[in-house]
Each structure stands twice: as structure tokens, then as C-alpha cells.
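Taking the working numbering, the leading residue of the sequence shown gets 53, the next gets one more, and so forth.
Don't be surprised by glycine CBs; every beta carbon is placed ideally from N, CA and C.
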Amino acid sequence: MDFLLNGFLEAFRLLFSGDEETYSAIRATLYTSSVSIFFAILVGFPLGFTLGFYDFKGRRILRLLSDTALAMPTVAIGLILYAFITRNGPFGEFGLLFTLKAVMLGQFVLALPIIISLSASVVENMDKKHYLTILNLRLSPPRLVGCVLYELRYALMVVVATAYGRIVAEVGVAMMIGGNIKYFTRTITTAVSLETNKGEFAMGIALALVLIFIAFAVNLAIHALKRLDR
Numbered sequence: 053m054d055f056l057l058n059g060f061l062e063a064f065r066l067l068f069s070g071d072e073e074t075y076s077a078i079r080a081t082l083y084t085s086s087v088s089i090f091f092a093i094l095v096g097f098p099l100g101f102t103l104g105f106y107d108f109k110g111r112r113i114l115r116l117l118s119d120t121a122l123a124m125p126t127v128a129i130g131l132i133l134y135a136f137i138t139r140n141g142p143f144g145e146f147g148l149l150f151t152l153k154a155v156m157l158g159q160f161v162l163a164l165p166i167i168i169s170l171s172a173s174v175v176e177n178m179d180k181k182h183y184l185t186i187l188n189l190r191l192s193p194p195r196l197v198g199c200v201l202y203e204l205r206y207a208l209m210v211v212v213a214t215a216y217g218r219i220v221a222e223v224g225v226a227m228m229i230g231g232n233i234k235y236f237t238r239t240i241t242t243a244v245s246l247e248t249n250k251g252e253f254a255m256g257i258a259l260a261l262v263l264i265f266i267a268f269a270v271n272l273a274i275h276a277l278k279r280l281d282r
């Protein structure tokens, strides 16, 4: 019991004293996850809208692929990315391996199928009355897209929050292609894993508390957005 109590007391000390090692992992996590989710939205929403709104040849195959990518294990994604960006890989010349860019790339690849698949489902399940009303307005394609996105804004924000929560808590890809380098590519999840294995229980607790707070904030946002969408 004293072991746990001392661990929590030391964890709070690390957080409130501004320990650089602890906060470098927090900054890396917030930076990489925010940048990756931004680009995942830019790419994923148009693709998700297209899959959910339009009916075209090959649509079902593309939906199957996006849903499969959504369920793919993170370690498998990490292995594939590692093969592509390692020195002997197709993109080895860019020197991405063991950099923050690699971590962002991994998080982007994780978030993208979530954004595509869930936003497509949101558009597909749009209320029929709203769908027919928007079609009867005979809007130009850009205005049509904007109208649908505005109508579904809260549900789409839930999709973003879900994807963000997934990539913030991810450890496999960040560890494999980020390298878990101290003060550089170490994120909250990789730091928790490493420090706990080293016996640095206090830092593991401190970072775990931050991760729990982020998860709580994300889920609180999802709950609030779902209430607004009713």
C-alpha cells in the first residue's frame, strides 16, 4: 500500500513541479496527435462523404477496405510503415524513421480509416427527410457538400473525437517507428511502457493520469456532442 501511495505522491510532484522529462512526452503527444488528426480530417472527410453519399461502381469494395483498415492491429500497421520508411525501404531516402514525422505518419494512418469509415456511416444514416430536402434544393456540388456537412456537424465531430482518442492512446506504432527517443519522439504511451518496465513507477503514474484526463475530456466531448445531435 505504501508503494502505491508513494508512487502517486511522487507522480503529483512530477506533474506540479514541471518535470521536463514528463512534460516533453506530453508535448510530443499533443503535437503529433493534433497535426495528424488535422490532416486525417482533410483527407478522410471528403473520402468518407463520397463513400457515404454517392453510389458508384466499386463503392462496396472500397467500404470493405476502409472497414478492414479500421480493424487492423496497430502492430501490423507499424510493421508495414517500418518496412516503407526504413533505410532500405521505398521511402528510406526521406529519413523519417525514428522522428516525430514518423510518429505523426503512424497516427495519421491510424486515424484515416476511422475518419473515412465512420463519416461514411454518418452520411449513409442521414435522416431521409433531411436528405430529400437537401436534394430538392438543387444546390451546386460545393454547396451541397457544405449543407450536408453542416447538417451532420455534431455527428462528424464525434467521429473526430473518436479518432483522436484512438491515436492518443496508441503505443505500438509510436514505439516501432518513433523509436521512443527521450526528449524527442517519446510520447505518453511509450514513456509509460518504458518507465514502468524500468521500475520508474511514479513517472508511469504521472503520465497515465494525464492520459486518463485526455481520455476523459475526449469522452466528455463525445457525450456532449451526441446530446447536441439529438
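Item to check | Residue of R238, A213 and T214 minimising C-alpha distance to G224 | outcome: R238
Item to check | Spatial neighbours of L208 in its chain, beta-carbon cut-off 8 Å, leaving aside the 5 residues before and after | outcome: F97, S171, V174 and L201
Next on the checklist: In the DSSP assignment, the alpha helix (DSSP H) including N249 goes from what residue to what residue?
Outcome noted: I240 to K250
Next on the checklist: Applying the 10 Å Cβ sphere with the 16-neighbour rule, what's the burial state of N271?
Outcome noted: exposed
Next on the checklist: Helix, strand or coil, according to DSSP, for E73 in the structure here?
Outcome noted: helix
Item to check | For I166 and L122, the rounded distance between their alpha carbons | outcome: For L122 and I166, the distance between alpha carbons rounds to 6 Å.
Checklist entry - Which class does N58 belong to by DSSP, given the choice of helix, strand or coil? => result helix
Next on the checklist: Do R111 and L99 have their beta-carbon atoms positioned less than 9 Å apart in this structure?
Outcome noted: no
Next on the checklist: I'd like the span of the alpha helix (DSSP H) that includes N271, first residue to last.
Outcome noted: F253 to L280
Checklist entry - Residues in its own chain within less than 8 Å of L277 by CB, not counting five upstream and five downstream? => result Y206, A207, M209, V210 and A213
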